[in-house]
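Heads up, the sequence shown is in our numbering, so the first residue is -17 and it goes up one at a time. No residue lacks a Cβ here, since even glycine has one placed at the ideal position from N, Cα and C.
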Amino acid sequence: MPSLPQSCDVLVVGGGNAGFSAAIASAQAEAKKVVIIDKCPEDWAGGNSYFTAGAMRTVHDGLSDLLSVVNNCDDATSKIIDLDPYTREDFSKDMARICLGRSDPHLSKILIDDSNGAIKWLARNGIRFQLSFNRQAYMVNGRYKFWGGMALKTQDGGKGLIEDHKRAAARHGVQVFYSTAATRLNRDPISGAVISVDVEHASQSFTINAGATILAAGGFEANPRMRSQYLGPGWDLASVRGTPYNTGDLFEIAMRDVSAKQAGNWSGCHSTAWDANAPANSGDRAVSNEFTKSGYPLGVMINADGLRFVDEGVDMRNFTYAKFGRAILQQPQGIAFQVWDSRTIPWLRDEEYRDAVVEKLRGNTIEELADRCSEKGMQNRSAFIQTLREYNAAVYKHREENPNIKWDPAIKDGMSTQSSSSGLALAKSNWALPIDKAPFIAVKVTGGVTFTFGGLAVNPETAAVISSTSMNEVPGLFCVGEMLGALFYDNYPGGSGLTSGAVFGRRAGTAAAELARRLDVKAKEKYAVVGARL
């Protein structure tokens, strides 16, 4: 590996999807020397991006628009796919609805408008895409029905995405240095521009001079203190889904050194149903995203007191999974039990629920299942049994009144617990099948924190960081990925996080390269004038 450089045109701090996107875009915009540093060791490369399922939400015109970028759909398969276009209006409505109308409109518009172009740009750079048959489609009546406005994923998930990014970066001459942590941003005393970054590498301190610096070091989801401080009490106990190296250091460095302005939902995060037996303080790189337990729309979730606590069918899974982890953590002991019967067990995704990756609690009766759950933390066995009995009765009442409604997991089918004669205090609004056909299984889950929503304020056009003192851009400093604030609030449309990293990484990388070129030209002009005088 080459020695750590003393200078470069563009320095990217953080090596996940956003950081690699920024670095590659800088190189393509003719930055002469682009460097990525990451405080993690190389065997943890990829940040949180490595741990994702690789889903990316994008505007598209339907199947024909996506076939050019995917590698897993032959002609015969394409003829049995139902995939509606996902328009700018569709994406915009989902952002407004899921983020409670709080997403910065300029950031949101750029995310949406640039999404299709960013996907195709990634594909041109060697990122391998596939149609997400396993996660975003159900086979119904012999046809693949895609749902939830999302259809694309990267081959081999986040692992494949990072492998492809690393290959693309190498082709573009981008140098990557691991075990290298940023410790200070240094400014020119006259212009106020960020001109260098102090780093620690191999137990030594160095300074890297840079024409432009891009912050892409992730959120604070792996920092128990910051989680408790910003997300609230109890969040220090949340399970960490991804890298243990996203500890929020660079937020505090940027606020300390350049008065970077905070923006966005600092008390909000992406958190999902997560295997209660998973490691507590980091993801497992071998199991990766398979600890996710997102089959709850097919059944019910019951807390340790034996009670349901969310409407499992309120919306499509990819619009609810990022907030239901918070709901689970708010329950007694921060746990819940997902429950299914033999009707829906076959519909559970193998990568999340196969025996090799999850402990299944089994019973031939509801009572036996209650016993197994009681052994794993269920505190009120009788309430658990009563909850399922009341749920089943409500489902049958609805079916009696609505005999023509058909269960369809690919749409909001309206199969509910609510009828004119009765209903539950907490409805299940869609996909409500009875849970009374043996055998039964349950899986114990907790809340897993994925990434935090609070970040830094930026110019949406370039992702340049804004100063909290001047309210102007901090010259030479950009911010992307999880560090970019004001895009997601309370929740997010599934798959839009990786898309955001690519969209704003691409913009920041291009702007940083242009800035570095201007500085290089000015330096050459200055030296030319000095030389002429001499």
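Helix, strand or coil at residue i according to DSSP, with G and I counted as helix
| i | result |
| --- | --- |
| M283 | strand |
| P457 | strand |
| K91 | helix |
| L413 | Correcting the residue type first, residue 413 is Trp in the shown sequence and not Leu. Looking at W413 - three-state DSSP - the assignment turns out to be coil, as it is neither helix nor strand. |
| R325 | coil |
| N(-1) | helix |
| I172 | coil |
| A119 | strand |
| R290 | strand |
| P(-16) | coil |
| Y227 | coil |
| T481 | helix |
| A407 | coil |
| H154 | coil |
| Q112 | strand |
| N473 | strand |
| S221 | strand |
| V447 | strand |
| L82 | coil |
| Q186 | strand |
| V52 | strand |
| L343 | strand |
| L497 | helix |
| A510 | Low local confidence applies: a pLDDT of 42 at A510 is under 50, so the model's placement there is unreliable, and no value is given. |
| L197 | strand |
| L143 | helix |
| L330 | coil |
| D502 | helix |
Residue i burial status per 10 Å Cβ neighbour count (16 or more: buried)
| i | result |
| --- | --- |
| T347 | exposed |
| I19 | buried |
| K305 | buried |
| H88 | exposed |
| K388 | exposed |
| M208 | buried |
| H497 | Per the sequence presented here, residue 497 reads as Leu, with His not at that position. Buried, by the Cβ-count rule. |
| Q(-12) | exposed |
| Q312 | exposed |
| M121 | exposed |
| P(-16) | exposed |
| K135 | buried |
| L516 | In this prediction, L516 scores a pLDDT of 43, lower than 50, which makes its location untrustworthy; the coordinate-derived value is nonetheless stated afterwards. So L516 ends up on the exposed side. |
| D(-9) | buried |
| L82 | exposed |
| K275 | buried |
| E334 | buried |
| P328 | exposed |
| T399 | buried |
| N386 | exposed |
| T451 | exposed |
| N107 | buried |
| D96 | buried |
Per DSSP, cross-strand counterpart(s) of residue i
| i | result |
| --- | --- |
| A37 | K135 |
| Q244 | L438 |
| C(-10) | A192 |
| A164 | V181 |
| I348 | None; I348 has no bridge partner. |
| I63 | Y126 |
| F319 | I284 and K426 |
| D257 | V427 |
| H42 | Y68 |
| H252 | F433 |
| T274 | W256 |
| A19 | Checking the sequence, you will find Ile at residue 19 rather than Ala. In DSSP, I19 forms a bridge with V(-5) and F159. |
| L311 | In DSSP, L311 forms no bridge with anything. |
Three or more C-beta pairs below 8 Å linking the stretch 460 to 475 and the stretch 244 to 255: Verdict: yes, contact present.
Contact between the stretch 3 to 10 and the stretch 165 to 179 (3+ Cβ pairs under 8 Å): With the cut-off at 8 Å, the stretch 3 to 10 and the stretch 165 to 179 do not touch.
Three or more C-beta pairs below 8 Å linking the stretch 249 to 266 and the stretch 422 to 429: Contact between the stretch 249 to 266 and the stretch 422 to 429 is present: three or more C-beta pairs spanning the two stretches fall below 8 Å.
Segment contact, 8 Å Cβ cut-off, at least three pairs: the stretch 219 to 233 with the stretch 192 to 205: These segments touch.
Cβ contact (3+ pairs, closer than 8 Å) linking the stretch 482 to 501 and the stretch 98 to 106: The stretch 482 to 501 is in contact with the stretch 98 to 106.
Sufficient close CB pairs (3 or more, under 8 Å) joining the stretch 311 to 329 to the stretch 340 to 360: Segments in contact, yes.
Touching by the beta-carbon criterion (3+ pairs, under 8 Å), the stretch 48 to 68 and the stretch 433 to 443: The way I'd put it, the stretch 48 to 68 doesn't touch the stretch 433 to 443; fewer than three beta-carbon pairs between them come closer than 8 Å.
Segment contact flag, the stretch 181 to 190 with the stretch 41 to 52, C-beta cutoff 8 Å, min 3 pairs: Inter-segment contact for the stretch 181 to 190 and the stretch 41 to 52 is absent: fewer than three beta-carbon pairs are separated by less than 8 Å.
Inter-stretch contact (C-beta, 8 Å, three-pair minimum) for the stretch 403 to 418 and the stretch 294 to 305: Result yes; three or more Cβ-Cβ pairs closer than 8 Å.
Cβ contact (3+ pairs, closer than 8 Å) linking the stretch 134 to 151 and the stretch 15 to 31: Touching, yes, given that three or more Cβ pairs across the two stretches are closer than 8 Å.
Contact the stretch 158 to 166 vs the stretch 65 to 79: 3+ CB pairs below 8 Å: Of all C-beta pairs linking the stretch 158 to 166 to the stretch 65 to 79, fewer than three are shorter than 8 Å, placing the two stretches out of contact.
The stretch 108 to 117 touching the stretch 46 to 53, judged by at least three CB pairs closer than 8 Å: Contact check between the stretch 108 to 117 and the stretch 46 to 53: three or more CB pairs, one atom from each, fall below 8 Å, which counts as touching.
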